[in-house]
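At position 238 of the sequence shown (counting the first as 1) the number is 238 in UniProt numbering, and the numbers step up by one without a gap.
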Amino acid sequence: MAKVIMVQGTMSNSGKSFLVAGLCRVLKRKGFKVAPFKSQNMALNSYITKEGMEMGRAQVMQAEAAGISPTVEMNPILLKPTSNTGSQVILNGKVHSNMSASDYYKNKRAFIPYILEAYNKLCEEYDIIVIEGAGSPAEINLNENDIVNMGLAKLVNSPVLLVADIDRGGVFASIYGTVALMDDDAKNRIKGIVINKFRGDKNLLTPGFEMLDEHFKKIDANIPVLGVIPMRKIDIDDEDSLSERLDTENVIFDTNKINIAVIKLPHISNFTDFNPLSRRKEIVMKYITSPKEMEDADLIIIPGTKNTLYDLRWLKSMGFNHDNLEMKNLIGICGGFQMLGNDLIDKYGVEEGGSEIGLKLLHFSTVFSKNKTTRQTETEIINYPDFIDTLYDSGIIGYEIHMGSTISHNEIPFTKSDITDNGGFVNKNIMGTYIHGIFENDNFVDAIIRGLSKKNSKKVTSDTKINDFNTYKESQYDLLADLIEESLDIDAIMDILVKSEK
C-alpha cells in the first residue's frame, strides 16, 4: 500500500495546491509513482476525464505534475457553488444533487465510504499519495464532521505539513493559532511547517522561528519549520475565484498587441480556459465588469458560469447588451455561449427556474435539462467567424460540461456534427461554443492572433520562441519542482514519508 503525506493550510489560498503539485513533481523525479488526492473540493473550475467524469482542475494540474492521467478517484467529491448558500454536489464524477450548505454539512459523513473507496483504489496503484486539505483545519465550528482536513488525516493515518502564506501578513499568528486550536492527536500529526510566498531576506525570519518554537512548547507541540518558499511566478492552473489572475485592474491594453477582454461574471467557471491566452506575448488579457472597459479590446469573451440565468441578468444590469456587443468580435464559451442566443428556458429548475431573454446575437434557444453532458471532445472546425484566420489543421480537442442543449434556428455550425449542438455556432463576428479547453489548441490561438491582426490592421509580431502549450506546462512543473527542492528540507519530508503507515 502507498505511503502518504498531507498538505493543509492555515487559510484558503495559502499555497496547498501549489505545494502538492510541487511535491508530486519532486517525487516523480525521484522515481516514485505518485498521485494527488483531495476528498472534497469546492471550485468552479472543473475538468472532464477520458471516461466522461467531472473533477476539480487542481487535481488535474497535480496529476499532470505527477506525470499521470487524471482520474476521478483523485477528487471523489466536487462542490460547485450555485449561490452563496448552495452547491451542486458531484460524487465520483457525476451529479449527485443540489444541496444547501447546511444540508451538506449535516449529511457529509455519509460520503466517507466513497472517499475511502477512492483513496484505497489509488493506494493500490501508486507508491505515494499526496493529499490536499481544504480551507483551514482550525475551523473549529466544522471539525466535528470534517472529511477533508484532520478528519481525513485521521481516517487514513496521514502525517501533515502545514503551509502558511506570509505575503498576507501575520504568518506566525496564523501558524500558532492554527496549531493551538487543535486537539492533541491533530497536533501530533503536524510534522512540519512550510512558509510560502516570502519576499526578502530569509535570515530575518530566524528569530521568529525560535520564538515560535518556544510558544509551541507551551502547548506541547514540537513542529519544525521545514523551509521557506520565495515568491516566484510559476504559471500553473489556479483552483478557484481567489486566483490573482482575475485581478487585472491595472492591466493596460497595448495598441501593438491583441487585446482580449474577458467579462468577469459573478459565477465565472473554468477561467483556466484563458490561461493559455494570458501566457502569449502577442496578447494582453484583461478581466472586465463594465462596457466602457471593452472599448479598446480586439476581442470580447463571455466565459462559462455555474449560474447562467443569474449571470445573464447581471450582465444586462451592468450595461452589456445586444447593441454594444453586436459589432464586437465576440466569443461565448459554454454558459457564455448560451447567453448569446434568443432565450434560455429552465423549466425543471436546474438553476433558478423560469426563463430569460438572451442577448440575441445568435439565433438559437437553450433548454436546460436534468442530465449533464460531460465528455472529452475531439472534432474539426468547419466554419469560422471573420476574425479567425483559417487553420491549416482544423482539428481541435477540448471537453464539454453543460446541463443545457441548444435548438438552432438555421445558424451556421462551428464544428462537424459529431459533438453536441455542432460544438456551437458562428455568424460573421460572433462565435459561441460548448468546448472548454479550446484555447489549449495552439493552432487555434495562432489563428485568432493572425485573424485579429488582419481585421484590425495591426502588425503583431509572432512569438516564434514559444513552446506548444503542453511543453510549456511541463517546463512550469519542472520550475516548480526546482523551487520546492531549493526551498524545503526534502530529506526531512522523505523521512516523514518513510515513517507514514497506511
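Even glycine gets a Cβ: it sits at the ideal position worked out from N, Cα and C.
- Under the three-state reduction of DSSP output, GLY93 falls in the coil class, being neither helix nor strand.
- Listed in chain order, the non-local C-beta contacts of TYR287 below 6 Å within the same chain comprise LEU246, THR248, VAL262 and LYS264, local neighbours out to five positions each way being set aside.
- Exposed is the label assigned to SER475, since fewer than 16 other Cβ atoms lie within 10 Å of its Cβ.
- Contact fails between the stretch 56 to 71 and the stretch 161 to 177, because fewer than three Cβ pairs, one in each stretch, are under 8 Å apart.
- Counting along the chain, no alpha helix (DSSP H) covers PRO76, and no H or E run does either.
- Runs of the beta strand (DSSP E) lying entirely within the stretch 412 to 482, each at least 3 residues long, are 424 to 427 and 430 to 433 in chain order.
- With contact defined as three or more Cβ pairs closer than 8 Å, the stretch 445 to 452 and the stretch 382 to 393 are in contact.
- For the options LYS328, ASN157, LEU497 and SER46, the alpha carbon positioned closest to that of MET74 is the one of SER46.
- From the listed residues PRO159, VAL148 and PRO113, the smallest Cα separation to MET6 is found for PRO159.
- By the neighbour-count definition (other C-beta atoms within 10 Å, threshold 16), VAL498 is an exposed residue.
- ILE333 is bridged by DSSP to THR433.
- Looking from the CA of GLY398, the closest CA among THR10, SER83, PHE274 and VAL34 belongs to PHE274.
- Nearest neighbour of GLY177 by Cα position, chosen from GLU124, GLU144 and GLU139, turns out to be GLU139.
- Setting aside the 5 residues that flank it on each side, ILE493 is surrounded in the same chain by ILE5, LEU23, LEU161, GLY192 and LEU226, each with a C-beta closer than 8 Å to its C-beta; the list follows chain order.
- The stretch 330 to 397 contains, as complete alpha helix (DSSP H) runs of 4+ residues, the segments 335 to 339 (chain order).
- In the structure shown, GLY22 adopts helical secondary structure according to DSSP, grouped into three states.
- Around MET150, the same chain offers PRO137 and ALA186 as residues with beta carbons nearer than 6 Å, after the five sequence neighbours per side are excluded.
- The three-state reading of DSSP puts ASP213 in helix, counting H, G and I together.
- In this chain, the beta strand (DSSP E) harbouring PHE37 covers 34 to 37.
- Secondary structure at SER408: strand, using DSSP grouped into helix, strand and coil.
- Checking the DSSP bridge columns, you'll see ILE128 partnered with LYS3 and VAL34.
- Linking HIS267 to LYS50 through their CA atoms gives a straight-line distance of about 26 Å.
- The alpha-carbon separation between GLN59 and VAL130 amounts to approximately 11 Å.
- Judged by their CB atoms, GLY304 and ILE333 are nearer to each other than the 7 Å cut-off.
- The count of Cβ pairs closer than 8 Å, one atom from the stretch 405 to 418 and one from the stretch 427 to 440, reaches three, so the stretches are in contact.
- Between THR82 and LYS306, the C-beta gap is smaller than 7 Å, which places the two residues in contact.
- Restricting attention to PHE198, ASP183 and ASN324, the CA atom closest to the CA of LEU488 is found in PHE198.
- Boundaries around LEU161 are those of the beta strand (DSSP E), 160 to 165, since no alpha helix (DSSP H) includes it.
- The stretch 478 to 488 makes no contact with the stretch 436 to 444: fewer than 3 CB pairs, one atom from each, lie closer than 8 Å.
- CA-to-CA, the gap between PRO36 and ASP235 works out to about 19 Å.
- Around the beta carbon of ASN196, 16 or more other beta carbons lie within 10 angstroms, which makes this residue buried.
- ASN259 carries a strand assignment under DSSP once its states are collapsed to helix, strand and coil.
- In the structure shown, the three-state DSSP call for SER100 is strand.
- In this structure, GLU54 lies away from ILE77, with their beta-carbon atoms at least 7 Å apart.
- For the 7 Å CB-CB criterion, GLY404 and PHE368 form a contact.
- GLY432 and GLY93 have their C-alpha atoms roughly 26 Å apart.
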